[in-house]
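Heads up: the structure comes next, in structure tokens.
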Amino acid sequence: MGDLIELLQWPAMAASLLAAWLVGSRSARRRLSGFIVFLVSNVMWVIWGWHDDAWALIVLNCCLAATNIRGIVKNEKGQEQE
Numbered sequence: 008m009g010d011l012i013e014l015l016q017w018p019a020m021a022a023s024l025l026a027a028w029l030v031g032s033r034s035a036r037r038r039l040s041g042f043i044v045f046l047v048s049n050v051m052w053v054i055w056g057w058h059d060d061a062w063a064l065i066v067l068n069c070c071l072a073a074t075n076i077r078g079i080v081k082n083e084k085g086q087e088q089e
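Here it is, written out as structure tokens:
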């Protein structure tokens, strides 16, 4: 099981890159997808960090998850104004 968790850092990294790409979109739908992918990557990083006792990484990703939730809310409010 530990080996599988070690491998989790690679899909977490790929998801983070994909999410950053999507969040930079002009399309509100793609931005929303980006924030959701970011949340998935936050969960993966927390799991990996827990396994490796990387407490700073865990705290960072919890804070980033909060900013991603804020991004989802702001993105939805922006859609209402369009």
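Using my numbering, the first residue of the sequence shown is number 8, and each one after it goes up by one.
Cβ atoms here follow ideal geometry from the backbone N, Cα and C, with glycine treated the same way.
In chain order, what residues of the same chain lie with their CB nearer than 7 Å to the CB of residue 26, ignoring the 5 residues before and after it?
Taking the sequence shown and counting its residues from 1, one reaches residue 26 at position 19. Around residue 26: 41, 44, 45, 48.
Kindly indicate which three-state DSSP category residue 71 falls into: helix, strand or coil?
Working through the sequence shown from its first residue, we reach residue 71 at position 64. It is helical.
As a quick exercise: from 76, 79, 53, 58, pick the residue whose alpha carbon is nearest that of residue 67.
As a first step, residue 67 is located in the sequence shown; it is residue number 60 there, counting from the start. Nearest C-alpha to residue 67: 53.
Express the C-alpha separation of residue 85 and residue 55 in angstroms, rounding to a whole number.
Mapped onto the sequence shown, residue 55 falls at position 48. Mapped onto the sequence shown, residue 85 falls at position 78. Distance between the alpha carbons of residue 55 and residue 85 is about 34 Å.
Close beta carbons around residue 33, own chain, < 7 Å, minus the five adjacent residues each side:
Residue mapping note: residue 33 aligns to position 26 of the sequence shown, counting from 1. There are no such residues.
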